[in-house]
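Just so you know, the sequence shown maps onto residues 35 to 159 in our numbering.
For reference, the structure discussed in these notes is given below.
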Amino acid sequence: MPEKRRFMRFNVLMEAISRTAGGALKKFKINNISKEGVGILCDETLKAGDDIEMEIMIPGDNMPVLFKGEVAWVSDSSYNNALYKSGIRFKKIRNEDRSRVLEYIYQKWLMSDDLNDKIARNGGN
35 MPEKRRFMRF NVLMEAISRT AGGALKKFKI NNISKEGVGI LCDETLKAGD DIEMEIMIPG
95 DNMPVLFKGE VAWVSDSSYN NALYKSGIRF KKIRNEDRSR VLEYIYQKWL MSDDLNDKIA
155 RNGGN
């Protein structure tokens, strides 16, 4: 049965961190982004419904994007025998920060289309 999604997701690979209540840092990899939230990979499972504050590191940008979110879903099995998949729904993100993330994704998407066009023009060579 196909999954119904409200917003288009863009595949990315970005670093993110979150600070736990005790002050420890958790590292994440963001593997997709939509208007509504992010998909993450991490080395431990999260709990659905938990609130989380995250910092996303946009490659080439020295200012992290900060947001508050909620763990929307958690995979019940590990991905690639090492990482767990979860979805984080945005609860609070500044419009400027959302725009910076979307600009990065848009630029990557344009570069990807340019590369595909070049490959097509050259007959795959």
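Beta carbons are placed, not taken as given, at the ideal position from N, Cα and C, and that holds for glycine.
- Taking every protein chain shown into account, the CB of MET88 has 16 or more other CB atoms within 10 angstroms, so this residue is buried.
- Minimum Cα-Cα distance from LYS63 among the listed residues GLY121, PRO98, LEU47 and TRP107 corresponds to LEU47.
- Only residues of its own chain outside the window of five on either side were considered, and among them GLY71, GLY73, ALA106 and TRP107 have a CB closer than 7 Å to the CB of GLY121, listed in chain order.
- The beta carbon of GLY103 sits closer than 7 Å to the beta carbons of GLY71, ILE86, MET88, ILE122, ARG123, PHE124 and LYS125 from its chain, once the five residues preceding and following it are set aside; these are given in chain order.
- Using a 10 angstroms sphere on the CB of LYS119, the tally of other CB atoms reaches 16 or more, which defines it as buried.
- Excluding the 5 residues flanking it on each side, ILE139 has same chain C-beta neighbours closer than 7 Å at PHE44, VAL46 and ILE67, in chain order.
- LYS81 sits away from PHE41, with the two beta carbons spaced by 8 Å or more.
- GLU70: not part of any beta strand (DSSP E); DSSP gives it neither H nor E.
- By the neighbour-count criterion, in which a residue is buried when 16 or more other Cβ atoms sit within 10 angstroms of its Cβ, ALA50 is buried.
- Secondary structure of MET145 (DSSP, three-state): helix.
- Counting the other CB atoms within 10 Å of its CB gives LEU100 a total below 16, which places it among the exposed residues.
- Around the beta carbon of LEU75, 16 or more other beta carbons lie within 10 angstroms, which makes this residue buried.
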